[in-house]
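J.: Can you keep this structure in mind? I'll have questions shortly.
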Amino acid sequence: MTAMQDKAGRPIVVVTGMGVVTSLGTGKADNWAKLTAGQSGIRAISRFATDGLKTRVAGTIDYLTKEPLNTAAMSEMLADLAVEEAVAESGIGAKGDFPGPLFLAVPPVELEWPQRREVAVASGANDAIDYRDLLRVSAQFPTYHSRFMFGSVADHIADRFGTKGSPISLSTACASGTTAIQLGVEAIRRGETDAALCVASDGSVNQESLIRFSLLSALSTQNDVPETASKPFSKNRDGFVMAEGAGALVLESLASAKARGAKILGVVEGCGELADSFHRTRSSPDGKPIIGCMVNALNDAGLTPQDIDHINAHGTSTPENDKMEFTGTDKVFGEHAKAIPITSNKSMIGHTLSAAGAVEAVITLMTLQHQRIPPTINYLVPDPAIPLDVVGNTARDAKITHALSNSFGFGGQNASLIFGREPA
Amino acid sequence: MPNPDRDIWITGIGIVSSLGEGADQHWDKLTAGTITANAETFAPFVVHPLAPAAFETQIPKKEQRQMEPWQRIGTYAAGLALDSAGVKGNTDILSRMDMIVAAGGGERDVAVDSAILTGIGKSDKPEAFLNERLMNDLRPTLFLAQLSNLLAGNISIVHGVVGSSRTFMGEEAAGVDAVRIAASRIAAGQSDIVLVGGAHNGERQDLLMLYEFGGHTLKGSHKPVWERGEKGGLALGSLGAFLVLESRKHAQARGVKPLAKITAVEAGRSNRSEGALRRSLASLWGTIKAKLKPGYAVLSGASGAAPATADEHAFLKDLGSGIAVRASGTYLGHGLEPQFPMNIALAAIALGRGSLFPPRDATGLEQPAAAAPTQIVVTGVGHWRGEGLALIERAD
Chain A
1 MTAMQDKAGR PIVVVTGMGV VTSLGTGKAD NWAKLTAGQS GIRAISRFAT
51 DGLKTRVAGT IDYLTKEPLN TAAMSEMLAD LAVEEAVAES GIGAKGDFPG
101 PLFLAVPPVE LEWPQRREVA VASGANDAID YRDLLRVSAQ FPTYHSRFMF
151 GSVADHIADR FGTKGSPISL STACASGTTA IQLGVEAIRR GETDAALCVA
201 SDGSVNQESL IRFSLLSALS TQNDVPETAS KPFSKNRDGF VMAEGAGALV
251 LESLASAKAR GAKILGVVEG CGELADSFHR TRSSPDGKPI IGCMVNALND
301 AGLTPQDIDH INAHGTSTPE NDKMEFTGTD KVFGEHAKAI PITSNKSMIG
351 HTLSAAGAVE AVITLMTLQH QRIPPTINYL VPDPAIPLDV VGNTARDAKI
401 THALSNSFGF GGQNASLIFG REPA
Chain B
1 MPNPDRDIWI TGIGIVSSLG EGADQHWDKL TAGTITANAE TFAPFVVHPL
51 APAAFETQIP KKEQRQMEPW QRIGTYAAGL ALDSAGVKGN TDILSRMDMI
101 VAAGGGERDV AVDSAILTGI GKSDKPEAFL NERLMNDLRP TLFLAQLSNL
151 LAGNISIVHG VVGSSRTFMG EEAAGVDAVR IAASRIAAGQ SDIVLVGGAH
201 NGERQDLLML YEFGGHTLKG SHKPVWERGE KGGLALGSLG AFLVLESRKH
251 AQARGVKPLA KITAVEAGRS NRSEGALRRS LASLWGTIKA KLKPGYAVLS
301 GASGAAPATA DEHAFLKDLG SGIAVRASGT YLGHGLEPQF PMNIALAAIA
351 LGRGSLFPPR DATGLEQPAA AAPTQIVVTG VGHWRGEGLA LIERAD
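Residue numbers (this note's numbering), protein chains in the order written: chain A, 1 to 424; chain B, 1 to 396.
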C-alpha cells in the first residue's frame, strides 16, 4: 500500500503531465532527442537588426512564426503549446476544463517599440514627438490595452484550458518557473486542490530586452559561432545567452493521480527558497542565501545531501553565477559534491529566463525517467576553480533517485526544487 | 475545524498615498473629505499625486538613487509596515519572514523614448538607429528599476526581508491574490509571518497611455468614483500599501496585539461578458455570507472604470439599504496592484477607530453608518479583470 502522505504528513505531489518548447523544438520527444545528442539551439538573431549590438546570438524560436510577435503574444503562443502537451499527457479533467488553479510565470509585459512607433506615426507629429502626442491618439488603439495588461497571458490560458479560480501571474526573475511550481505544490499540500497547472513561458527576445541585459554586461558576446556561445562551467565563459521557451507541468496529489490511474512521471519532493539582500544583480559573496536555499529544499524533502545524485544547475554561463553556484554546492554537499553529476541545459537551449525553472524541471524529470543525463556542451576548457563532476559534451547514463534543480535570479531570487521517481 | 492559533492577524500597516502617510494622516483626510486630485499636470488626465514623503527616513540616499519612484514608494511603505509591526531590524524574524509583492513595473524614461520617437522617423536605417540610441541612452541601472520583481529585491536589500520573495503581476488581481496566498499559507501553517503589499506610481505618462488605449482614464475634472457615468474613468493614483500578516500564535509569542484579523480572502475571474462580473461577485459573496453579522460595512476598491464600477454599484445596491458602503478610490485614485492591500489597511484602521469616514456619493449608494462597524468587507474589482473580497474583523 503506497503512502499518500510524505514524512511531514502532507499530500505527496506528483507530476502527471509535462510539455516543453525550446529553440530545439516543440515537445518532449524532440527536445529529449536533441538534448541527449548535445545539439545547440543557439543561433544568430534574424528577428531584428543587430547593427551596433555587442550580442548578436540568442536561442530564439523562429520555427513557429514568420511574424515577429511582441513578448506577451509570443509568451502566450509558447505557453499554449506547452500546456496542450502537458494536459494531453496527464489526461486530467476534460477539454477546456482543467480541475485546478493556474500558476503562470511570465516576463513583465509592456508596450514595445513597434507599437510605440505606430502610435507616434498616428499622432501625425513630425517635429519633436513626446508622450502628449501619443496620449492624444492612444484611444485609437483599443486592443493594446488588454494585450499589454500584465495579466493578459494568464487570462488567455485560463480561458482556453478552463483552470479554476483567479490565475496567478508571477515573476521572480530567472527563478520564476521554479516559483510557479512551488506555488502549485503548496496549494496541493494545503489541500485546496487536487491538481494545479504550473506553467512558465518567455518570448522576450526583442531589441530592448537584449540591450537591457547587454548594458548590465550579463550576455555572452561570443557571436562568431553561436552554438558555442553558452559554455557553463568553462573557464572561457563570458555571459549567458538569452533564449525563448516554455515549460508546463500538471501537478497532482498522489492520491488523485492513483485514483484515476494516471501515469506518474515523477514526484516533487521538496521546494526551497531564500532571498539575497546583498545586491540587485550579484549574489552574496559568502554564498549563504544560495546555500540556505538548497538546504531548505533538502529539509522540505526530508532528505540529506548524500541522497542527491544529480544536479540540474542554474548554470547560466556567466562568470559570477557559475562560480557562486559552485561555492554553494560545495558548502552544502561537502566531499559528496564532486560525486554528483551536474549539468546545465543552458549550454544547449540558452537561458529561457522566466521559463527556465519550468523548462529545466521538465528536463530534470525526463532525466530521472530515462536515467540519462543530457550533457553540458561546449565544455572544452573546464574552469579549474569549479571542480565539479560536470557532464561534459556527451550524455551520460546514471542511476538517479533524487535530483536537485536550481534557479537563481536578479533581485536576490533563489529557489530550488527536488524531484524523485514514482514512489513504490 | 479552523485552528485559532492560525488566525490571520494584521500586526503591521504601512501606507502612503496622495493623502499622506500612516494611519493618522489618512484617517484625518478621509474624515475631512479632502480631495487631492490634480487635473493640471497631465491635463486632461486626472491623477492623485503622492503627498511629499520623507523617503530618507526609510531608504538610504544611495539606495534611493537605484530606484524609480514606484520602488521608492513601495520600499518606503514596506518600511512603515515593518516599523508598525515592531519587527524593523529584527534579523531573527526578518530572515524567515515571507514576502509577496504585487507589482507592475516597466517604468520608462520618457525623455529617452521621446527623443527616439522624434529621431527614428527621420532615420534612413530606423532599426540600426533604435539599437544605437538604446545602447547609448538607456541607463544600465534603469532595467533594474523596471523589473517587476525588483521592488521585492529592493525591500530585501533595504529592510532585510529574505525568508522568501515572490512577486505577483496582473493589475488589481495581483494584489488580491498576494493577500489571498499570504493568508492561506499562514492558515495552513506554511508561514508564520508575511509582508504583503505593493506600490504604484500613478504620475506616469506611459501608464496613462496604457489605460487610455482602453478608454479607461478619467479626463477633465474629478468626481466620486460612483458618479463617473456611463463612460466611467479611473484616475491613476500614486500609492504604496504593505501589511504584516502573522499567525495569532506567532504574534502572541512576541507579545504583539492585532490591529484586526483577516477572516476570509476570496478571488475570482470572470470574462466580463454581460452580467458575468455580478455573478462572480455573488459567488464570492456566497462564501463569506454566513460569517456576516448585522451592521457590517463595505469598503469598495471601485476604480471608476466602466462598466466594472457600475456593475459593482448595482451589486452592492442589491445588498440592501442598511449597509454602509464607502469607496476609498474617490480620495486615493486608483493604484491597481496595491489598491486591495491599501483598502484592507484602511478597513483595519476603521475597525480600530470604530467609525467610517463620511459618505461622498450623489448616487445614494454610500449612506451614513448606523453604528461602529465590527466587520468590513473589502472589495477589489479590477478595471478589466479580476474580482476579490476580503472579510476584515476586529480581533478582540
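Where a beta carbon is used, it is the ideal one built from N, C-alpha and C, also for glycine.
Is Gln190 of chain B near Arg190 of chain A, with beta carbons less than 9 Å apart?
T.: yes
J.: Measure the Cβ-Cβ separation of Ala313 of chain A and Ser256 of chain A and say whether it is below 9 Å.
T.: no
J.: Would you call the CB atoms of Asp276 of chain A and Glu127 of chain B closer than 9 Å?
T.: no
J.: Quick one: Cα of His145 of chain A to Cα of Gly214 of chain B, how far?
T.: 5 Å
J.: Name, going along the chain, the residues of the stretch 47 to 58 of chain A whose beta-carbon falls closer than 9 Å to a beta-carbon of chain B.
T.: Phe48, Ala49, Thr50, Asp51, Gly52, Leu53, Lys54
J.: Around the C-beta of Val225 of chain A, are 16 or more other C-beta atoms found within 10 angstroms, so that it is buried, or is it exposed?
T.: Around the C-beta of Val225 of chain A, fewer than 16 other C-beta atoms lie within 10 Å, and the residue is accordingly described as exposed.
J.: Applying the 10 Å Cβ sphere with the 16-neighbour rule, what's the burial state of Tyr211 of chain B?
T.: buried
J.: Taking C-beta pairs closer than 7 Å, name the residues in chain B that Pro167 of chain A reaches, listed in chain order.
T.: Neighbours of Pro167 of chain A on chain B, chain order: Arg269.
J.: Does any residue of chain A have a CB that is nearer than 9 Å to the CB of Asn131 of chain B?
T.: For Asn131 of chain B, the answer is yes, since a Cβ of chain A falls inside 9 Å of its Cβ.
J.: Where Lys164 of chain A and Ala158 of chain A are concerned, what is the direct C-alpha to C-alpha distance, given to the nearest angstrom?
T.: Rounded to whole angstroms, Lys164 of chain A to Ala158 of chain A spans 8 Å at the Cα level.
J.: Using CA atoms only, rank isn't needed, just tell me which of A:Glu273, A:Ser214, A:Thr367, A:Ala385 is closest to Gly420 of chain A.
T.: A:Thr367
J.: Checking contacts by CB at 9 Å: is Asp322 of chain A closer than that to chain B?
T.: no
J.: Among A:Gln207, A:Phe103, A:Leu111, whose alpha-carbon lies nearest the alpha-carbon of Leu197 of chain A?
T.: Closest in alpha carbon position to Leu197 of chain A, among A:Gln207, A:Phe103, A:Leu111, is A:Phe103.
J.: Which one of B:Val377, B:Arg385, B:Tyr331, B:Arg326 has the shortest CA to CA distance from Gly364 of chain B?
T.: B:Arg326
J.: Name the residue from B:Gln58, B:Ala362, B:Ala39 whose alpha carbon lies nearest to the alpha carbon of Ala77 of chain B.
T.: B:Gln58
J.: So, for Pro60 of chain B: in the same chain, excluding its five sequence neighbours on each side, which residues have a beta-carbon less than 8 Å away from its beta-carbon?
T.: Val158
J.: Could you compute how far the alpha carbon of Arg279 of chain B sits from the alpha carbon of Val205 of chain A?
T.: 40 Å
J.: How many whole angstroms separate the CB atoms of Ser156 of chain B and Gly412 of chain A, which I take to be in contact at a CB cut-off of 8 Å?
T.: 5 Å
J.: Pick out the complete alpha helix (DSSP H) segments inside the stretch 105 to 169 of chain B, 4 residues or longer, and give them in chain order.
T.: 110 to 120, 126 to 137, 142 to 146, 150 to 159
J.: Does the Cβ-Cβ distance between Ile15 of chain B and Leu80 of chain B come in under 9 Å?
T.: Ile15 of chain B is a Cβ neighbour of Leu80 of chain B, given a cutoff of 9 Å.
J.: Would you say Val225 of chain B and Thr330 of chain B are within 9 Å of each other, going by their C-beta atoms?
T.: Yes, the pair counts as a contact, with Cβ atoms nearer than the cut-off.
J.: Please name the residue or residues paired with Phe240 of chain A in a DSSP beta bridge.
T.: A:Leu219
J.: Ser221 of chain B: buried (16+ other C-beta within 10 angstroms of its C-beta) or exposed?
T.: It counts as exposed.
J.: How long is the line joining the alpha carbons of Thr193 of chain A and Gly100 of chain A, rounded to whole angstroms?
T.: C-alpha separation (whole angstroms): 6 Å.
J.: Please go through the same chain and pick out, in chain order, the residues whose beta-carbon is closer than 7 Å to the beta-carbon of Val179 of chain B, but skip the five residues on each side of it.
T.: Correct list, in chain order: Val196, Val265, Phe340, Pro341, Ile344, Ala390.
J.: Could you tell me which of B:Ala324, B:Ser303, B:Val381 sits nearest to Thr374 of chain B, measuring between CA atoms?
T.: B:Ala324
J.: Here's the rule: buried if 16 or more other CB atoms are within 10 angstroms of the residue's CB, otherwise exposed. What is Asn427 of chain A?
T.: Residue 427 of chain A is absent from the structure shown; chain A starts at 1 and stops at 424.
J.: Compare the C-beta of Ile262 of chain B with all C-beta atoms of chain A and state if any pair is closer than 9 Å.
T.: no
J.: Alpha carbon to alpha carbon, how far is Asp192 of chain B from Met99 of chain B?
T.: 11 Å
J.: Say whether the stretch 348 to 360 of chain A touches the stretch 11 to 25 of chain A, bearing in mind that this needs 3 or more beta-carbon pairs closer than 8 Å, one atom from each stretch.
T.: yes
J.: Excluding five sequence neighbours on each side, which residues of the same chain lie with their C-beta closer than 7 Å to the C-beta of Arg56 of chain A?
T.: Ala44, Ile45, Thr50, Asn223
J.: Hey, which unbroken runs of the beta strand (DSSP E) at 3 residues or more fall wholly within the stretch 296 to 362 of chain B?
T.: 297 to 300, 324 to 327
J.: Per DSSP, which one or two residues make a beta bridge with Leu417 of chain A?
T.: A:Cys271, A:Ser405
J.: Would you give the residue range spanned by the alpha helix (DSSP H) that Cys293 of chain A belongs to?
T.: 288 to 301
J.: Expressed to the nearest angstrom, what Euclidean distance is found between the alpha-carbon atoms of Val295 of chain A and Thr304 of chain A?
T.: Taking the CA atoms as reference points, Val295 of chain A sits about 9 Å from Thr304 of chain A.
J.: What span of residues does the beta strand (DSSP E) with Lys261 of chain B cover, start to end?
T.: For Lys261 of chain B, the enclosing beta strand (DSSP E) has its first and last residue at 260 to 268.
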